[in-house]
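Residue numbers (the numbering used here): 1016 to 1185. For every residue, glycine included, the Cβ atom is placed at its ideal position computed from N, Cα and C. Below is one structure, written out as structure tokens; comments come after it.
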């Protein structure tokens, strides 16, 4: 795989740290950082802002926009995206480049505390339960890496980079 075709999705429920981890990985690898939240239509943001969970139908056009963005990028992409369900990850895998996943997961208490401590996001902590209910962990046949979200960021970065070197980047 050429480095320009590298696509890694840092996934997890809201509060898992996916944006921070993805941004840091992108900086270390010299890749393009993409935050999936920037591609939500205003109707999705409005629903989430008032505590209404998104449906699969709400998410499909958003996921398709992300696939288009991945396909159009001439450089490696590190994407922060919830990718909660296998079907969402399958949609992302329709990109013309191979897509790999890093799943950040952990306990509800930690996630809830993180959500309550942030005030710069449209996603309220009230929607955590709906995300956890929808969450489908990576399956054995999905190219990916699982990490506990309580691992310190430098260690997460090291594990991700080692995984990429050993399994993806020649």
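Using the C-alpha atoms, what's the distance from residue j back to residue i?
i, j, result
"residue 1079", "residue 1029", "20 Å"
"residue 1179", "residue 1142", "32 Å"
"residue 1051", "residue 1081", "7 Å"
"residue 1163", "residue 1175", "12 Å"
"residue 1094", "residue 1119", "13 Å"
Since residue i is in the beta strand (DSSP E), which residue starts that stretch and which ends it?
i, result
"residue 1095", "1092 to 1095"
"residue 1026", "1022 to 1026"
"residue 1163", "1159 to 1163"
"residue 1120", "1114 to 1120"
If you count every other CB in all the chains shown that lies within 10 Å of the CB of residue i, and 16 or more means buried, which is it?
i, result
"residue 1173", "exposed"
"residue 1065", "exposed"
"residue 1148", "exposed"
"residue 1104", "buried"
First and last residue of the alpha helix (DSSP H) that includes residue i?
i, result
"residue 1083", "1071 to 1087"
"residue 1105", "1101 to 1107"
"residue 1031", "No alpha helix (DSSP H) holds residue 1031; DSSP gives it neither H nor E."
Determine contact between the stretch 1077 to 1086 and the stretch 1101 to 1116, defined as no fewer than three beta-carbon pairs at a distance below 8 Å.
-> yes
Could you give the uninterrupted runs of the beta strand (DSSP E) lying entirely in the stretch 1036 to 1060, keeping only those of 3 residues or more?
-> 1047 to 1050
Does the stretch 1035 to 1045 come close enough to the stretch 1057 to 1077 to have 3 or more Cβ pairs within less than 8 Å?
-> no
Quick check: the stretch 1147 to 1163 against the stretch 1095 to 1105, are there 3 or more CB pairs under 8 Å?
-> yes
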